[in-house]
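S.K.:
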Amino acid sequence: MEPIPPQPPRSTWLALVEAALREDLGPGDVTSQALLSPEHPGRAQVEAREPLVLCGTDVAREVFVRCGADFEPLAADGDALEPGSFAALVVGRARDLLAAERVALNFLQHLSGVATLTRRYVEAVASSRAQIVDTRKTTPGWRALEKYAVRCGGGKNHRMGLFDGVLIKDNHVAAIGSVADAVKRARESAPASLRIQVEVESLEQALAALEAGAELLLLDNLPPVEMRRIAERIAGRVPLEASGGITLENVAAVAASGVDRISIGALTHSAPAVDLALEWNADSPI
1 MEPIPPQPPR
11 STWLALVEAA
21 LREDLGPGDV
31 TSQALLSPEH
41 PGRAQVEARE
51 PLVLCGTDVA
61 REVFVRCGAD
71 FEPLAADGDA
81 LEPGSFAALV
91 VGRARDLLAA
101 ERVALNFLQH
111 LSGVATLTRR
121 YVEAVASSRA
131 QIVDTRKTTP
141 GWRALEKYAV
151 RCGGGKNHRM
161 GLFDGVLIKD
171 NHVAAIGSVA
181 DAVKRARESA
191 PASLRIQVEV
201 ESLEQALAAL
211 EAGAELLLLD
221 NLPPVEMRRI
231 AERIAGRVPL
241 EASGGITLEN
251 VAAVAASGVD
261 RISIGALTHS
271 APAVDLALEW
281 NADSPI
C-alpha cells in the first residue's frame, strides 16, 4: 500500500468532536460520578475484535485528551489489525476514560469500517490497473474524515465537492438537451484548470462526449461487457471510470473490462462499523 496521506486539517473535524462530546456527556456522566471517586485511576486498551484496517487515531486522541486522559496509539492509521491486537493504550482518571470511551469508539469504529471496506475492494482489483475511488455520498459533515478513511484503505478520492471538479451528469444533460452541447458549454465556461468529466450511458453517448472534448468518461450503470466495448472503442484516449451497482462480487469483472477507475458510493454510505472495544486492564504490562 502507498503511504497514507496526512490527516485532514483539524479544522475539518474538531467541531464534530465537540458536538459528539456535548451530545453524549451533557452536564456529566452520572453513573461514573456516582460510582468512582474523582482520583480513581484507570488504564485500558483499545482492542480489535475482528480483522480490520485502523483509521481515526488522531480523532480518538482528541476525544480522550479533551476528557482529561492520555491516549497512546499502538498502531497507525492504515495498519491491518487482527482480532486481539491493540490499537491504543489509554491512561488517566477512570471517570475521564469512561467519559471519552463511547465517543472515541464511535469515531474509530466508523472510520475503520470505511477503511476496512475500501481495502477489500482494493484487494479485489489488485490484478488490474483499476483504482478504487470514492464519491460525494458521505455522511453530512464527515466528508473530510470519510475520504481520509478511504485513503487509509488504499482507495483514491474523487472530487471533494461541487467546487473542485466538472462532472456533467444525466440531469445536466437532460437540462441542456444533449451530451455534446453540455460538454461544449462546459468547455466555454468552466475554469480551464478543471478536467471535464461526463457521465454516459451508452457507446453512442461516450463517442459524442469524446468528440465534443470530454476529458474523462463516467460509465454509469453499465454491464462489464458494455464497458469493455466502450473501452475498446475509446482505446485509451481518455480515462474511463465505472460507477453504479458495484459490489465486492462484481468489482473484479468491472476492473477487467478495461476501465481506469471504479467509483463506489458504498465505501462511505454503507460501510459497517468494525468491532473495536475499550478493554479495562489496570494491571496491563504495556
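Position 165 of the sequence shown, counting from 1, maps to 165 under this note's numbering, and the rest follow consecutively. Glycine included, each C-beta is placed from N, C-alpha and C at the ideal position.
#1: Go ahead and pull the three-state DSSP assignment for A242.
#2: Going by the DSSP bridge assignment, what does I168 pair with across the sheet?
#3: Tell me the DSSP secondary structure of I262 in three-state form.
#4: Taking DSSP as the reference, what is the three-state secondary structure of A273?
#5: Determine the direct distance from the alpha carbon of G68 to that of I132, and round the result to whole angstroms.
#6: Work out the CA separation of T135 and P191 for me, nearest whole Å.
#7: For P9 and E72, I'd like the C-alpha separation in whole angstroms.
#8: Can you grab the Cα-Cα spacing for the pair E204 / L210, in whole Å?
#9: Kindly list the residues whose CB is nearer than 6 Å to the CB of A206, restricted to its own chain and excluding five residues on each side of it in sequence; keep chain order.
#10: Give the straight-line distance between the Cα atoms of S202 and L111, rounded to the nearest whole angstrom.
#11: So the beta strand (DSSP E) A126 belongs to, where does it begin and stop?
#12: If we ignore side chains and look at the alpha-carbon of each, how far apart do M227 and G78 end up?
#13: Please list, in chain order, all residues of the same chain as G92 whose beta carbon is under 7 Å from its beta carbon, the five residues on each side excluded.
#14: Establish whether the CB of A212 and some CB of chain C are separated by less than 8 Å.
#15: Skipping 5 residues on each side, what residues in its chain have a beta carbon closer than 8 Å to that of P38?
#16: Taking its Cβ as the centre, do 16 or more other Cβ atoms sit within 10 Å of A76, making it buried, or is it exposed?
#17: Within the chosen definition, does the segment 109-124 reach the segment 268-277 through at least 3 CB pairs nearer than 8 Å?
#18: With a threshold of 8 Å, are at least 3 pairs of Cβ atoms found where one atom belongs to the segment 53-67 and the other to the segment 146-157?
#19: Would you kindly work out how many angstroms separate the C-alpha atoms of A99 and D29, rounded to a whole number?
#20: I'd like to check one pair, A214 with I234: are the Cβ atoms closer than 8 Å?
#21: What is the DSSP secondary structure of F163, reduced to helix, strand or coil?
#22: Tell whether a beta-carbon distance below 8 Å holds between T268 and V114.
#23: Sorted by chain position, which residues of the same chain lie with C-beta nearer than 7 Å to W288's C-beta, five sequence neighbours on each side aside?
#24: Give the C-beta separation of A212 and V179 to the nearest angstrom, bearing in mind that I take them to be a contact with Cβ-Cβ under 8 Å.
#25: Ignore the nearest five residues each way along the sequence and tell me which others in F86's own chain have a CB closer than 6 Å to its CB.
#26: What do you reckon, are the CB atoms on A104 and A60 nearer than 8 Å?
#27: DSSP three-state call for K137: helix, strand or coil?
#28: Between which residues of its own chain and L248 is the CB-CB distance below 8 Å, once the five residues before and five after are set aside?
#29: On the three-state DSSP scale, how would you describe L36?
#30: CB-CB under 8 Å to E241, same chain, minus the five flanking residues each way: which ones, in chain order?
M.R.: The answer reads as follows:
#1: Translated into positions along the sequence shown, residue 242 becomes position 242. A242 sits in a strand when the DSSP states are folded into three classes.
#2: Taking the first residue of the sequence shown as position 1, residue 168 is located at position 168. Beta-bridge pairing by DSSP links I168 to V198.
#3: For the purposes of this step, residue 262 is taken as the residue at position 262 of the sequence shown. For I262, the secondary structure class from DSSP, reduced to helix, strand or coil, is strand.
#4: As a first step, residue 273 is located in the sequence shown; it is residue number 273 there, counting from the start. In this structure, A273 counts as coil in the three-state DSSP scheme.
#5: In the sequence shown, residue 132 corresponds to position 132, counting from 1. In the sequence shown, residue 68 corresponds to position 68, counting from 1. In a straight line, the C-alpha of I132 is about 39 Å away from that of G68.
#6: Along the sequence shown, read from residue 1 onward, the residue named residue 191 stands at position 191. Along the sequence shown, read from residue 1 onward, the residue named residue 135 stands at position 135. The alpha-carbon atoms of P191 and T135 are separated by roughly 21 Å.
#7: Translated into the one-based positions of the sequence shown, residue 9 becomes position 9. Translated into the one-based positions of the sequence shown, residue 72 becomes position 72. Pairing P9 with E72, the inter-Cα distance amounts to about 20 Å.
#8: The residue labelled residue 204 in the question sits at position 204 within the sequence shown. The residue labelled residue 210 in the question sits at position 210 within the sequence shown. Using only the alpha carbons, I get a separation of about 10 Å.
#9: On the sequence shown, residue 206 is found 206 positions in, with the first residue counted as 1. Correct list, in chain order: V200, L217, I230.
#10: Stepping through the sequence shown from its first residue, residue 202 is reached at position 202. Stepping through the sequence shown from its first residue, residue 111 is reached at position 111. Distance between the alpha carbons of S202 and L111 is about 36 Å.
#11: As a working mapping, residue 126 is identified with position 126 in the sequence shown. Unbroken run through A126: none, as it is neither H nor E.
#12: As a first step, residue 227 is located in the sequence shown; it is residue number 227 there, counting from the start. As a first step, residue 78 is located in the sequence shown; it is residue number 78 there, counting from the start. A direct Cα-to-Cα measurement between M227 and G78 gives close to 32 Å.
#13: The sequence position of residue 92 within the sequence shown is 92, counting from 1. For G92, where only same-chain residues beyond five positions count, the Cβ hits under 7 Å are G42, G68, A69, D70.
#14: In the structure shown, chain C does not exist; there is a single protein chain.
#15: Residue numbering aside, residue 38 sits at position 38 when the sequence shown is read from its first letter. Residues R93, R95 of the same chain have their beta carbon placed closer than 8 Å to that of P38, with the five preceding and five following residues left out of the count.
#16: Counting from 1 along the sequence shown, the entry for residue 76 is found at position 76. Burial call: exposed.
#17: Taking a contact to require three or more Cβ pairs closer than 8 Å, the segment 109-124 and the segment 268-277 qualify as touching.
#18: Three or more Cβ pairs closer than 8 Å define a contact, and the segment 53-67 meets that threshold against the segment 146-157.
#19: Reading the sequence shown from its first residue, position 99 is the one you call residue 99. Reading the sequence shown from its first residue, position 29 is the one you call residue 29. Going from the Cα of A99 to the Cα of D29 covers about 6 Å.
#20: Here residue 234 refers to the residue found at position 234 when the sequence shown is read from its first residue. Here residue 214 refers to the residue found at position 214 when the sequence shown is read from its first residue. No. Outside cutoff.
#21: Your numbering for residue 163 matches position 163 in the sequence shown. Assignment of F163 by DSSP, reduced to helix, strand and coil, places it in the coil class.
#22: Start at 1 with the first residue of the sequence shown, and residue 268 comes out as number 268. Start at 1 with the first residue of the sequence shown, and residue 114 comes out as number 114. A contact, by the Cβ cut-off of 8 Å.
#23: The displayed coordinates of the chain run from 1 to 286. Any statement about residue 288 would go beyond what the structure contains.
#24: On the sequence shown, position 212 is the one that residue 212 refers to. On the sequence shown, position 179 is the one that residue 179 refers to. Between A212 and V179 the beta-carbon gap is near 7 Å, inside 8 Å, which marks them as a contact.
#25: One-based indexing of the sequence shown puts residue 86 at position 86. Cβ within range, chain order: Q45, E47, L74.
#26: Mapped onto the sequence shown, residue 104 falls at position 104. Mapped onto the sequence shown, residue 60 falls at position 60. Here A104 is near A60, since their CB atoms are less than 8 Å apart.
#27: In the sequence shown, counting from the first residue as 1, residue 137 sits at position 137. K137 falls in the coil class under three-state DSSP.
#28: The residue labelled residue 248 in the question sits at position 248 within the sequence shown. Cβ neighbours of L248 beyond the five flanking positions: R120, Y121, A124.
#29: Taking the sequence shown and counting its residues from 1, one reaches residue 36 at position 36. In the three-state reduction of the DSSP assignment, L36 falls in the coil class, being assigned neither a helical nor a strand state.
#30: Residue 241 sits at position 241 when you count from the first residue of the sequence shown. Take E241, set aside five residues on each side of it, and the residues of its chain with a beta-carbon closer than 8 Å to its own are V133, Q197, L216, L217, L218, L219, V259, D260, R261, I262, S263, in chain order.
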